[in-house]
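Some notes on the structure that comes next.
Structure below.
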């Protein structure tokens, strides 16, 4: 609970004072004449630096922060979800992808209509989310789930483009990390009118939106068309956030954090949050940007502001989590999701097993080589199968592990959005490996393995430390994981924007390739997978009971805290093992358990086996396709899995 | 290229089961490559790094296979890749299965590929050749790596010639530079608001030094000898001329023209901006020579002395 002394006004006042001090310092840094430079004659360099560089940058950071925070308030209110934000709902990914496509394929269009291209991308992504969730009247959890899926999907497409056009898209990597550098008033001129429109629209919607604090039935009784109200509110949010993202680049965290912070500081009512969150968002972004300007004044590497807010924001978010008052969401019905329930599942599981076996054979024996497609055994084994074997084995093991980890976490949290990726375990592993490669560029696989395990265990320790007191309440655990994910995303963006030649290798690994797997790693991972499956087997009974809710499970004799802790531990090790092979961005941990359930495998044991088979099948198929589609170029398996699996997932989600 | 495409479709589809025929085709293919590049029993090399591939081509011993040939033509340019060279895929993930089928004698890598070294050694002997990860100037290390590559492919004499030629090219270029040559800021646009500026530790900086030119960027640089900075950082630099390396990202030229800051940067007001062609700044001696020539051309061009603001 916040201390009564802390009000949104005082908090913003404090930040404003800090900003003023910092701004004077940066002005002196960038224009030698200091404050006087603002009134220096038009042609002097000092005057130009003050008026055309320093001032527009300050203005742009304030406007950008305000716009994102406004969008965040609208989204969080509309979806009744403290995790909703432009980044989590796919808007940013949509803008990102469309700007990349525009840069590569329609440069002329980008020249004249960059904003339109970006807006269309953001709106299309959000529209896709709407489409997927429309049948459920845009129910909050379904929207967030759809947003997550669309995010991963579009993000994967973007990574493919970046991977294959790294030189041509280098500028877009800086944009992707949100550098706020300005050298004219164009950016501010672009943002100001759009944010004014967004602000006016938000004010007009505020009264109706306040009714969303009630549950759906009560709100409907008051004569509010919920679907249209939500659509309108999200539309305004997309409009403002897209404008900011197109102009300034990807800026993490502000849209998520500013609304949460003002709420913690005592702005409970919507109107108060609509006023204070943009003010705080503006100040947060501006202060961060001014600090970075001082910090990097003489540095050789660029440290972009957008990614830094995300990196700084993650610890803040972690600090906030134990203090966040999680109001129980009304519509938890989705968690148990309506899916067909099949009575005879033996045949289905056998079918899945056969499909996986067939895929293994294809992946081992069919491929392209020096003379195009070759038949099985046409070329010596040492020149074909020996290379493929390790990758097929590793991909299959990773797929199985992620699928099992996903089943565990979805059942423990009774939350369809949960997955090892979302819990940040993959991200923690990746941070470990990333850190190692940056400190010791020539590190070999064993060292990377060790660093990855350390990262995963630290993340798990963090999850436990922050959630032990609440008895591993599912939402808090998820929120912790998402913070770690934010941190990883931010760090990797800073690294990518640094324009370091090594980054392409990191980009490739992070997008989930089996390229770096050798036979010993593949065997290690497979043995690990087999051992962990044996460990999970006796725990399956918990997976049937925990989704019934903590009180019911307790009544049935389950020690809820301990069983959750043990399952989380197993899940963490499963995820770390898989991440080392296929990187942190795979979709399989989210996807496979869902597919199993949608196929009618409802009981824990069946879902568990079905998901494992589907996970293996999906990953092996993705790996093979990735190696064949653009031969001799390779598309990472994690990306292919995301694209193939994501398409299926979106199709099913729409019919949910 | 028709030779390669033809071989792929014919062998892959119809006659796949007659492996004898395939061996014959493979021999023919190797023979064709060897004939095209004259050396009789020269080792079959795969070069993954562009700078090393570039050097091998310049030595008259092009690799059998290299990575991202199309992008190389855009970003490195010189010398062009002969048609006989096979594509290996992305530089970061050269296709190992394909390499294992190419009957290689040698694979050259940089320390960046250390994590893949063990598996590459299963294909062929691996040599790590490095410019940026150890002591010494980029120029000296590039010369040394050229000699090493020459020795590895049995063309030590060609390597000496390349070193000597490059030295001469740089010297000749230096002679063409006007006596009162300005200090230079060598930048490459990343987007309209950010540039890479080359400084101490880069090959380009070493070439400028050898040409007797002053690099105006004395600020800190990364491991690879450049700094990634936003445009206003260039305002710190007085008394210098701006030299811009191609390629410009889409739309940047237009945006820059209208930028008050850009047009008031001391280095831009000093005289017209020097346009330089694409030079792969992490490349080998051919890139160094190209940079020296381009710089001399730009500095001695007639319009440079005259009309400002063109």
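Protein chains in written order, with UniProt numbering: chain R, 1 to 656; chain Y, 1 to 310.
Here a beta-carbon is modelled for each residue, glycine too, at the ideal position from N, C-alpha and C.
A distance of 8 angstroms or more separates the beta carbons of residue 422/R and residue 367/R.
Residue 212/Y counts as exposed, since fewer than 16 other C-beta atoms from the protein chains shown sit within 10 angstroms of its C-beta. Residue pairing of residue 230/Y in beta bridges, as defined by DSSP: 194/Y.
Under the Cβ distance rule, residue 96/Y counts among the residues neighbouring chain R, one pair being separated by less than 8 angstroms. Contacts with chain Y (Cβ-Cβ distance below 9 angstroms) from the region 426-438 of chain R involve 437, listed in chain order. Any Cβ of chain R closer than 8 angstroms to the Cβ of residue 63/Y would place that residue at the interface, and such an atom is absent. Between residue 376/R and residue 132/Y, the alpha-carbon positions lie close to 43 angstroms from each other. The Cβ of residue 184/R sits closer than 8 angstroms to at least one Cβ of chain Y. Apart from the 5 residues on each side of it in sequence, residue 429/R sits with its Cβ closer than 6 angstroms to the Cβ of 452, 455, 456, 576, 579 in its chain, given in chain order. Excluding residues up to 5 positions away in sequence, 195, 196, 197, 198, 234, 242, 243, 244, 245 lie with their Cβ nearer than 8 angstroms to the Cβ of residue 187/Y in the same chain. In the displayed model, residue 218/R falls within a helix according to three-state DSSP. With at least 16 other beta carbons inside 10 angstroms of its own, residue 522/R counts as buried.
In this structure residue 588/R is in contact with residue 619/R, their Cβ atoms being roughly 6 angstroms apart against a cut-off of 8 angstroms. In the three-state reduction of the DSSP assignment, residue 266/R falls in the coil class, being assigned neither a helical nor a strand state. Residue 209/R and residue 113/R have their alpha carbons spaced roughly 33 angstroms apart. For the region 92-112 of chain R, the set of residues with a beta-carbon nearer than 7 angstroms to any beta-carbon of chain Y comprises 103, 107, 110, 111, in chain order. For the C-beta of residue 28/R, not a single chain Y residue is nearer than 8 angstroms; the gap to the nearest is close to 14 angstroms. For residue 175/R, a Cβ of chain Y is located within less than 8 angstroms of the residue's own Cβ.
One alpha carbon belongs to residue 210/Y, the other to residue 301/Y, and they sit about 20 angstroms apart.
If only uninterrupted alpha helix (DSSP H) runs of at least 4 residues are considered, none is enclosed by the region 118-163 of chain R. For residue 374/R, there is no enclosing alpha helix (DSSP H); the enclosing beta strand (DSSP E) covers residues 372-374.
When Cβ pairs closer than 8 angstroms are counted between the two stretches, the region 283-291 of chain R is seen not to touch the region 29-41 of chain R, the count staying below three.
Boundaries of the alpha helix (DSSP H) around residue 103/R: 91-105.
Proximity of chain Y to residue 244/R at the Cβ level (cut-off 9 angstroms) is not reached, the minimal Cβ distance being about 16 angstroms. Straight-line spacing of the CA atoms in residue 199/R and residue 190/R works out to 15 angstroms. What residue 271/Y touches in chain R, judged by beta-carbon distance under 8 angstroms, is nothing: the nearest beta carbon there is about 16 angstroms away. With contacts defined as CB atoms closer than 8 angstroms, residue 612/R and residue 403/R qualify as a contacting pair. For the C-beta of residue 190/Y, the chain R residues within less than 8 angstroms are, from N- to C-terminus, 170, 171, 174, 499.
Note that the C-beta distance between residue 71/R and residue 240/R is below 8 angstroms. Residue burial annotation: residue 630/R is exposed, with fewer than 16 other C-beta atoms found within 10 angstroms of its C-beta. DSSP places residue 275/Y inside the beta strand (DSSP E), whose first and last residues are 274-276. At a cut-off of 8 angstroms between C-beta atoms, residue 52/R counts as an interface residue with respect to chain Y. Only exposed fits residue 135/Y, as fewer than 16 other CB atoms lie within 10 angstroms of its CB.
When 87/Y, 50/Y, 81/Y, 70/Y are compared, the shortest CA-CA separation from residue 370/R is found for 87/Y. Of all residues in the region 625-645 of chain R, only 627, 630, 631, 632, 633, 634, 636 come within less than 9 angstroms of chain Y when Cβ atoms are compared, listed by chain position. Taking C-beta separations shorter than 6 angstroms and ignoring five residues to either side along the sequence, the partners of residue 57/R in its chain run 180, 182, following chain order.
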